[in-house]
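The sequence shown begins at 477 in my numbering and counts up by one. All residues carry an ideal CB built from backbone N, CA and C; glycine is no exception.
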Amino acid sequence: MKILVLGAGGRLGAALIREFRAKYEVVGFNHAQLDLSNLESVREELGATTFDVLVNAAAFTNVDACETERDRAFRINAEAPGVLAEICNEKDAKLIHFSTDYVFDGQKRAPYTEDDQANPISAYGESKLAGERNVLAAGDEHLVVRVSWVFGPDRPSFVDAMIKRAQQDEKIDAISDKFSTPTYTHDIANMLPQFFDRGVAGGVLHFANAGKCTWQEYAQWALDCCRDAGISVKPGTVGALKLSDMTNWTARRPVYSVLSTAKYTELTGNAPRAWREAVADYITRFYSKK
Ligand SMILES: NC(=O)c1ccc[n+]([C@@H]2O[C@H](COP(=O)([O-])OP(=O)(O)OC[C@H]3O[C@@H](n4cnc5c(N)ncnc54)[C@H](OP(=O)(O)O)[C@@H]3O)[C@@H](O)[C@H]2O)c1
Numbered sequence: 477m478k479i480l481v482l483g484a485g486g487r488l489g490a491a492l493i494r495e496f497r498a499k500y501e502v503v504g505f506n507h508a509q510l511d512l513s514n515l516e517s518v519r520e521e522l523g524a525t526t527f528d529v530l531v532n533a534a535a536f537t538n539v540d541a542c543e544t545e546r547d548r549a550f551r552i553n554a555e556a557p558g559v560l561a562e563i564c565n566e567k568d569a570k571l572i573h574f575s576t577d578y579v580f581d582g583q584k585r586a587p588y589t590e591d592d593q594a595n596p597i598s599a600y601g602e603s604k605l606a607g608e609r610n611v612l613a614a615g616d617e618h619l620v621v622r623v624s625w626v627f628g629p630d631r632p633s634f635v636d637a638m639i640k641r642a643q644q645d646e647k648i649d650a651i652s653d654k655f656s657t658p659t660y661t662h663d664i665a666n667m668l669p670q671f672f673d674r675g676v677a678g679g680v681l682h683f684a685n686a687g688k689c690t691w692q693e694y695a696q697w698a699l700d701c702c703r704d705a706g707i708s709v710k711p712g713t714v715g716a717l718k719l720s721d722m723t724n725w726t727a728r729r730p731v732y733s734v735l736s737t738a739k740y741t742e743l744t745g746n747a748p749r750a751w752r753e754a755v756a757d758y759i760t761r762f763y764s765k766k
């Protein structure tokens, strides 16, 4: 089976390529090799490439920049995925396209299921939702996987920024009134192959590690794991910030965007592991060696 991964230079795309390499024939395109905002070249390049599964982990992910560069956000996050799905149809290939918990408005206080109404409150969320719809309008055998708070070794994310700050500063804070679930790229890579077959599970699927937390709890757990692993960090506790303190953010973010993985468990018989376990695994594996 030949897998083509777009977004090869990103946090998720790079992890998928690294982890799939042992079992599959994998080819990756990074931003420089294939620009999703140039639909002509996307058609040309991918038309000339053979693959059975196309995994799209490329996106314009800067949530604030999407507000001011709406056209670009919609071209990359909405139009391009639709074109990718059409190309897959021509090749009898399956598209697995990644989307986000930011398609929800965050008003709910229980995990969002795939049947819940999406109602994005940012240009990023709007563009990603339009991308989901374009993919599934081209063919309902394609799969849209919504993930949340992605972390992993291939590109720094929130958890790495917190650890870095805690190694430099005596005091750190993080937002204490915004809830979702960290999700490890390694766990996404492990579960994804179950869906490579074109006949298996099209539509929307939520995947995240289990449980929920605020950014403050997430950062606190990261510091606790560092200490347990003998990695030196200065502050003992993480202070609380309010979402309303983030006055430099242009885009609105959902206050609550926990994704229910009940459908994933129903389809596969597996449950994702707890986010605390996944974060601890990441820190012992990738920080202990540094
Ligand atoms: N990170 C999260 O917390 C999170 C949460 C929910 C959902 N997601 C979704 O998960 C997927 C993977 O995200 P990630 O965390 O891996 O983000 P990432 O590290 O920002 O990776 C996205 C990749 O897309 C590339 N890209 C941007 N514009 C492009 C274009 N015009 N053509 C081709 N490639 C382009 C970027 O390249 P450059 O850096 O060179 O521009 C980057 O390598 C995305 O669909 C994202 O929406 C992420």
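Per DSSP, which one or two residues make a beta bridge with lysine 478? Within the sequence shown, numbered from 1, the residue matching residue 478 stands at position 2. The partner list for lysine 478 (beta bridge, DSSP) reads Glu501.
Rounded separation between lysine 584 and aspartate 577 - CA only: Sequence index remark: in the sequence shown, residue 584 carries index 108 (1-based). Sequence index remark: in the sequence shown, residue 577 carries index 101 (1-based). Approximately 12 Å, taken between the alpha carbons.
Taking 8 Å as the cut-off, decide whether the C-beta atoms of serine 598 and arginine 729 are in contact. To locate residue 598, count along the sequence shown from 1; it is residue 122. To locate residue 729, count along the sequence shown from 1; it is residue 253. Yes, Cβ-Cβ distance for serine 598 and arginine 729 is below 8 Å.
Taking valine 620 as part of the beta strand (DSSP E), name the residues at either end of that continuous run. Residue numbering aside, residue 620 sits at position 144 when the sequence shown is read from its first letter. Its beta strand (DSSP E) spans residues 619–623.
Which residues DSSP lists as bridging histidine 507, in chain order: The count along the sequence shown starts at 1 and reaches residue 507 at position 31. According to DSSP, which records beta bridges pairwise, histidine 507 is partnered with nothing at all.
Measuring alpha carbon to alpha carbon, tell me which residue in Ala491, Glu566 and Ala614 is nearest leucine 522. Residue numbering aside, residue 522 sits at position 46 when the sequence shown is read from its first letter. Measuring from the Cα of leucine 522, the nearest candidate turns out to be Glu566.
Since glycine 679 is in the beta strand (DSSP E), which residue starts that stretch and which ends it? As a first step, residue 679 is located in the sequence shown; it is residue number 203 there, counting from the start. 679–682 is the extent of the beta strand (DSSP E) around glycine 679.
Serine 575: beta carbon under 7 Å from a heavy atom of ligand 1? Reading the sequence shown from its first residue, position 99 is the one you call residue 575. For ligand 1, at least one heavy atom lies less than 7 Å from the Cβ of serine 575.
Between which residues of its own chain and aspartate 649 is the CB-CB distance below 6 Å, once the five residues before and five after are set aside? Sequence index remark: in the sequence shown, residue 649 carries index 173 (1-based). Excluding positions up to five away in sequence, the list reads Gly715 and Leu717.
Proximal residues to phenylalanine 536 (C-beta, below 7 Å), its chain only, five neighbours per side dropped: Taking the first residue of the sequence shown as position 1, residue 536 is located at position 60. Answer for phenylalanine 536: Cys542, Arg548, Ala549, Ile552 and Asn553, listed in chain order.
Put serine 575 into one of helix, strand or coil per three-state DSSP. On the sequence shown, position 99 is the one that residue 575 refers to. Note: serine 575 maps to strand in three-state DSSP.
Does the beta-carbon of asparagine 724, which I'm using as the reference point, lie nearer than 7 Å to any heavy atom of ligand 1? Position 248 of the sequence shown, counting from 1, holds the residue named residue 724. For ligand 1, not one heavy atom lies less than 7 Å from the Cβ of asparagine 724.
Taking the DSSP output, what are the residues bridged to alanine 491? Mapped onto the sequence shown, residue 491 falls at position 15. Alanine 491 pairs with nothing; no bridge assigned.
Using the C-alpha atoms, what's the distance from histidine 507 back to glycine 485? Position 9 of the sequence shown, counted from the first residue, corresponds to residue 485. Position 31 of the sequence shown, counted from the first residue, corresponds to residue 507. If you take the alpha carbons of glycine 485 and histidine 507, they lie about 7 Å apart.
Taking the alpha carbon of glutamate 742 as the reference point, which residue from Lys478, Leu560, Ile572 and Glu590 has its own alpha carbon closest? In the sequence shown, counting from the first residue as 1, residue 742 sits at position 266. For the residues Lys478, Leu560, Ile572 and Glu590, the minimum Cα distance to glutamate 742 belongs to Glu590.
Residue range of the alpha helix (DSSP H) that alanine 554 falls in? In the sequence shown, residue 554 corresponds to position 78, counting from 1. Here alanine 554 belongs to no alpha helix (DSSP H), and DSSP marks it neither H nor E.
Which of helix, strand or coil does DSSP assign to asparagine 538? Residue numbering aside, residue 538 sits at position 62 when the sequence shown is read from its first letter. Asparagine 538: coil per DSSP, three-state reduction.
Output the distance between the C-alpha atoms of tyrosine 500 and glutamate 555, rounded to the nearest integer angstrom. In the sequence shown, the residue the question calls residue 500 occupies position 24. In the sequence shown, the residue the question calls residue 555 occupies position 79. Rounded to whole angstroms, tyrosine 500 to glutamate 555 spans 29 Å at the Cα level.
Three Cβ pairs or more, each shorter than 8 Å: is that satisfied between the stretch 747–766 and the stretch 688–700? yes
Going by the beta-carbon positions, is the gap between leucine 719 and alanine 642 smaller than 8 Å? Against the sequence shown, residue 719 aligns to sequence position 243. Against the sequence shown, residue 642 aligns to sequence position 166. Their beta carbons are not under 8 Å apart, which means leucine 719 does not touch alanine 642 by this criterion.
Local conformation of phenylalanine 627 per DSSP, three classes: Within the sequence shown, numbered from 1, the residue matching residue 627 stands at position 151. Reduced to three states, the DSSP call for phenylalanine 627 is strand.
Going by Cα to Cα distance, which pick from Val503, Val529 and Leu515 is closest to glycine 558? If you number the sequence shown from 1, residue 558 lands on position 82. Nearest of Val503, Val529 and Leu515 to glycine 558, Cα basis: Leu515.
DSSP on glycine 715, reduced to helix/strand/coil? By one-based count along the sequence shown, residue 715 stands at place 239. Residue state, collapsed to three classes: strand.
In whole angstroms, what is the alpha-carbon distance linking isoleucine 572 and alanine 677? Sequence index remark: in the sequence shown, residue 572 carries index 96 (1-based). Sequence index remark: in the sequence shown, residue 677 carries index 201 (1-based). Cα to Cα, isoleucine 572 sits roughly 11 Å from alanine 677.
Just to confirm my understanding: we take glycine 615, look at its own chain, exclude 5 residues before and 5 after, and list those with CB closer than 7 Å. What are they? For the purposes of this step, residue 615 is taken as the residue at position 139 of the sequence shown. Only Ala561 and Asn565 meet the Cβ criterion.
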